[in-house]
């Protein structure tokens, strides 16, 4: 019996790389008993915007009656739960394919670790903090690719290559048809447990400290960003910054993590 996989693209409507992944994987003509596809947020994808009313990736399992995204989450939830593995394809606006490319999980159990070992990503984010409302949180095994920029051919090829490796391990593909320039991980992937957010508790624009680098540890008192009137926001504890970026979010600056 095949282990059924569901591939989801464009959970955020402006992220187009998942649509490209789906288009390419369809060409493999893998039986639908094994592989299915979903456009996460068709309405937002059609308008090339992140979402229409709610961030779809924050409101699972959704509602039968509610906003468009709440109802879409409700519609997707049983399909997600039916699959053995759910793969959600995302992109960033800050990262090229590199050792900063990440795989995101909301569970860190034996089954998820087996998939991580097949893919061998440079880094893994275990979203322990409020991971329960993400799309992949509804899955038996759920992973999200966040390898890099939406328009990058290298990122697209790396995602395709790694998904094909999963297909091979599941016995539905004999040979990997894709090539990748993804950095080879000689050792085990670095695992970071995301335990909190860094809240944006001020109004207005800001500029991240140029010394702040994702995955590079900060210590208490380090400068996070500069805001109006030369005021600085400082780290209140030691932590590893994850997914910090000036145009990523409206209510947070990024995530706090620790290496495990």
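Numbering (my numbering), first residue to last: 1111 to 1370.
In this text, a Cβ means the ideal position worked out from N, Cα and C, and glycines have one as well.
Keep in mind that this is a model prediction, so the values were computed, not measured.
Classify residue i as helix, strand or coil using the three-state DSSP reduction.
i: residue 1193; result: coil
i: residue 1258; result: strand
i: residue 1121; result: coil
i: residue 1321; result: coil
i: residue 1355; result: coil
i: residue 1208; result: coil
i: residue 1116; result: strand
i: residue 1283; result: coil
Nearest CA to the CA of residue i: which residue from the options?
i: residue 1125; options: 1198, 1116, 1339; result: 1198
i: residue 1115; options: 1275, 1143, 1200; result: 1143
i: residue 1264; options: 1277, 1242, 1289, 1368; result: 1289
i: residue 1135; options: 1282, 1354, 1121; result: 1282
i: residue 1299; options: 1362, 1225, 1146, 1247; result: 1225
i: residue 1237; options: 1252, 1304, 1251, 1370; result: 1304
i: residue 1191; options: 1245, 1241, 1219; result: 1245
i: residue 1356; options: 1268, 1117, 1336, 1223; result: 1336
i: residue 1256; options: 1287, 1267, 1174, 1242; result: 1267
i: residue 1354; options: 1284, 1328, 1222, 1339; result: 1328
i: residue 1233; options: 1220, 1239, 1174, 1253; result: 1253
i: residue 1118; options: 1228, 1182, 1178, 1358; result: 1182
i: residue 1294; options: 1173, 1203, 1210; result: 1210
Ends of the alpha helix (DSSP H) at residue i?
i: residue 1267; result: 1263-1279
Tell me the residue span of the beta strand (DSSP E) that contains residue i.
i: residue 1229; result: That residue, residue 1229, is in no beta strand (DSSP E); its alpha helix (DSSP H) goes 1220-1229.
i: residue 1237; result: 1233-1237
i: residue 1212; result: 1212-1215
i: residue 1349; result: Looking at the DSSP string, residue 1349 is not in any beta strand (DSSP E), and its letter there is neither H nor E.
i: residue 1336; result: 1333-1336
i: residue 1363; result: 1362-1369
i: residue 1300; result: 1300-1309
Can you tell me the Cβ-Cβ gap for residue i and residue j, rounded? I've got them flagged as a contact below 8 Å.
i: residue 1206; j: residue 1258; result: 5 Å
i: residue 1302; j: residue 1235; result: 5 Å
i: residue 1153; j: residue 1162; result: 6 Å
i: residue 1151; j: residue 1176; result: 14 Å between Cβ atoms; not a contact.
i: residue 1141; j: residue 1201; result: So it is not a contact: roughly 28 Å between Cβ atoms.
i: residue 1325; j: residue 1352; result: 7 Å
i: residue 1331; j: residue 1345; result: 6 Å
At which residue ranges does the region 1123-1190 contain complete beta strand (DSSP E) runs of 3 or more residues, listed in the order of the chain?
1145-1149
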